[in-house]
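There are 2 protein chains.
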Amino acid sequence: MAQHTVVVSRSTLKRLPLYLHLLEKLQAEGVETISCTYIAKEFDFDPTQVRKDVEATGEVGTARIGFRVAGLTDKIKEFLGWNNAHDAFLIGAGNMGKALLGYKDFEKYGLNIVAAFDKDPKKVGAKIFGKEVMPLSKMPALVKRMHINIGIVTVPAEHAQAAVDALIDAGVKAIWNFAPAPLKIPEGVILENARLTQSLAVLTNNLTRVLKP
Amino acid sequence: MAQHTVVVSRSTLKRLPLYLHLLEKLQAEGVETISCTYIAKEFDFDPTQVRKDVEATGEVGTARIGFRVAGLTDKIKEFLGWNNAHDAFLIGAGNMGKALLGYKDFEKYGLNIVAAFDKDPKKVGAKIFGKEVMPLSKMPALVKRMHINIGIVTVPAEHAQAAVDALIDAGVKAIWNFAPAPLKIPEGVILENARLTQSLAVLTNNLTRVLKP
Chain H
278 MAQHTVVVSR STLKRLPLYL HLLEKLQAEG VETISCTYIA KEFDFDPTQV
328 RKDVEATGEV GTARIGFRVA GLTDKIKEFL GWNNAHDAFL IGAGNMGKAL
378 LGYKDFEKYG LNIVAAFDKD PKKVGAKIFG KEVMPLSKMP ALVKRMHINI
428 GIVTVPAEHA QAAVDALIDA GVKAIWNFAP APLKIPEGVI LENARLTQSL
478 AVLTNNLTRV LKP
Chain C
278 MAQHTVVVSR STLKRLPLYL HLLEKLQAEG VETISCTYIA KEFDFDPTQV
328 RKDVEATGEV GTARIGFRVA GLTDKIKEFL GWNNAHDAFL IGAGNMGKAL
378 LGYKDFEKYG LNIVAAFDKD PKKVGAKIFG KEVMPLSKMP ALVKRMHINI
428 GIVTVPAEHA QAAVDALIDA GVKAIWNFAP APLKIPEGVI LENARLTQSL
478 AVLTNNLTRV LKP
């Protein structure tokens, strides 16, 4: 499909889920069409930017009517790769790992966490939200057998690089990292950091300034 | 302190935690001084940008030696507001809420989640990682009595706006939102979204392109 070959900026990729969340809300309220101006106003974005983002997904609007909410929802999901399920393995069955295993919305966004792995024998064997925790030693063979492309890393910072290396050695193509650690990956592998500390930094720095007498 | 009044870009604020994680790793390895060039190389950033980021914190380096790892660590923490503990309330004791309550590193980054609130009577009364889950109705009085500035929102998308409204009405100054929902907040209140779906969007879109035959 042609639209998948369109390479957009990271900023566009990060705005599209916001539009999707808004579309989901509107769809639940029975709204059928929407304009870029409306979306722009909701988020205080530039309408021209919103139009560019939306058009990158391949969706075509109608003059004076705008975009169909259902059609645009589908196009955004397709563009983000959320219309197909991606199977993923998770390394590190601690608190953050457990939360991700129990996060039901992921399936809506095309992420299917198949199993979790941990090197702690005390954690192995448990079932978390129906997903088995297996010994880390079994991960490489299972990545190959099940053609797993995504590895989610929720281990402590000091073990993150080893977990990432093991996943990539096994054949995983993309790493979603939750550990607050700098990571090295070979070229061709995708690394996306979901760093809560970065978001927290923006929050606490702004708050510190607001609270200053 | 003068450096707190320096307003930096959101991008700088998001890079500083990365430097901090690197500094923590180096400190554990016994490294005492570091150059901006070294930091830049680690993250594949522009050295001039790194120097600008670092200098915004107020830390001053020495020619040919660079910055002291311990000194720079302290300055970044101070700049981000992580040297003082910020007390926070969490609304929504589901899986994501539980994970955040159990995330030990937050205290290192100046965030102290004091209590959790939920409107589900079945969740109320439980202790999660030593923190009590209280009925949502008790939140407003406690925000005032305990001078809570940060509200963390981990409720489902459809209840997020109501939770945020209640927190702001009670007097909270900053919202850290984990719900995939568009939110409206009054001027003067800080809203920071920790949206996993945005990070996931970058990952799956890139992966879809990589996997294309």
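If you read the protein sequences in the order shown, they are chains H and C. Once you know that position 118 of the first sequence is 395 in my numbering, the rest is easy, because the numbers rise by one and skip nothing. Once you know that position 87 of the second sequence is 364 in my numbering, the rest is easy, because the numbers rise by one and skip nothing. Idealized CB from N, CA, C, for every residue including glycine.
Find out if the Cβ-Cβ distance for the pair residue i, residue j is shorter than 9 Å.
i        : j        : result
H/Asn482 : H/Ala471 : no
H/Ala393 : H/Ile353 : no
H/Leu295 : C/Ile467 : no
H/Leu419 : C/Ile427 : no
H/Val284 : H/Val308 : no
C/Pro417 : C/Ala451 : no
C/Leu357 : C/Leu290 : yes
H/Arg380 : C/Leu473 : It should be noted that the sequence gives Tyr, not Arg, for residue 380 of chain H. Going by C-beta atoms, H/Tyr380 is nearer than 9 Å to C/Leu473.
C/Arg287 : C/Val327 : no
H/Val301 : C/Ala434 : Here residue 301 of chain H turns out to be Glu, not Val, going by the sequence shown. A contact, by the Cβ cut-off of 9 Å.
H/Ala439 : H/Asp397 : no
C/Val441 : C/Ile462 : yes
H/Gly338 : C/Val487 : no
H/Thr334 : H/Glu319 : no
H/Ile445 : H/Gly374 : no
C/Lys385 : C/Trp359 : yes
Is any beta-carbon of chain H found at less than 9 Å from that of residue i?
i        : result
C/Tyr380 : yes
C/Phe322 : no
C/Ile390 : no
C/Ala279 : Its pLDDT being 42, under 50, C/Ala279 is placed unreliably in this model, and the coordinates cannot settle the point.
C/His298 : yes
C/Thr481 : yes
C/Thr485 : yes
C/Lys291 : yes
C/Ala458 : yes
C/Val284 : yes
C/Leu488 : yes
C/Phe356 : yes
C/Lys302 : yes
C/Ala440 : no
C/Phe383 : yes
C/Gly343 : no
C/Pro412 : no
C/Gly387 : yes
C/Leu349 : no
C/Pro398 : no
At least one CB of chain D closer than 9 Å to the CB of residue i: is that the case?
i        : result
H/Phe366 : Reference to chain D is not applicable here, since the protein chains of this structure are H and C.
So, is the C-beta of residue i closer than 9 Å to a C-beta in chain C?
i        : result
H/Ile425 : no
H/Ala451 : yes
H/Met416 : no
H/Gly407 : no
H/Arg287 : yes
H/Met373 : yes
H/His436 : no
H/Leu419 : no
H/Leu377 : yes
H/Leu444 : no
What whole-angstrom Cβ distance do residue i and residue j have, given they're in contact under 8 Å?
i        : j        : result
H/Gly244 : H/Glu332 : The requested residue 244 of chain H does not occur in the structure, where chain H is confined to residues 278 to 490.
H/Pro457 : C/His424 : Rounded, the Cβ-Cβ distance is 28 Å, inconsistent with contact.
C/Leu388 : H/Leu477 : 6 Å
H/Leu410 : H/Lys400 : The question names Leu, yet the displayed sequence has Val at residue 410 of chain H. H/Val410 to H/Lys400, Cβ: 5 Å. Contact.
C/Ile390 : C/Ala365 : 5 Å
| When Cβ atoms are compared, which residues of the region 462-479 of chain H fall closer than 7 Å to chain C? | Cβ proximity to chain C below 7 Å picks out Ile467, Glu469, Ala471, Arg472, Leu473, Thr474, Gln475, Ser476, Leu477, Ala478 and Val479 from the region 462-479 of chain H.
| field | Cβ pair count under 8 Å reaching 3, the region 398-408 of chain C against the region 313-332 of chain C | value | No, they do not touch.
| Which residues, taken in chain order from the region 305-336 of chain H, show a beta carbon closer than 9 Å to some beta carbon of chain C? | Against chain C - using a Cβ distance shorter than 9 Å - the residues of the region 305-336 of chain H are Ala305, Glu319 and Phe320.
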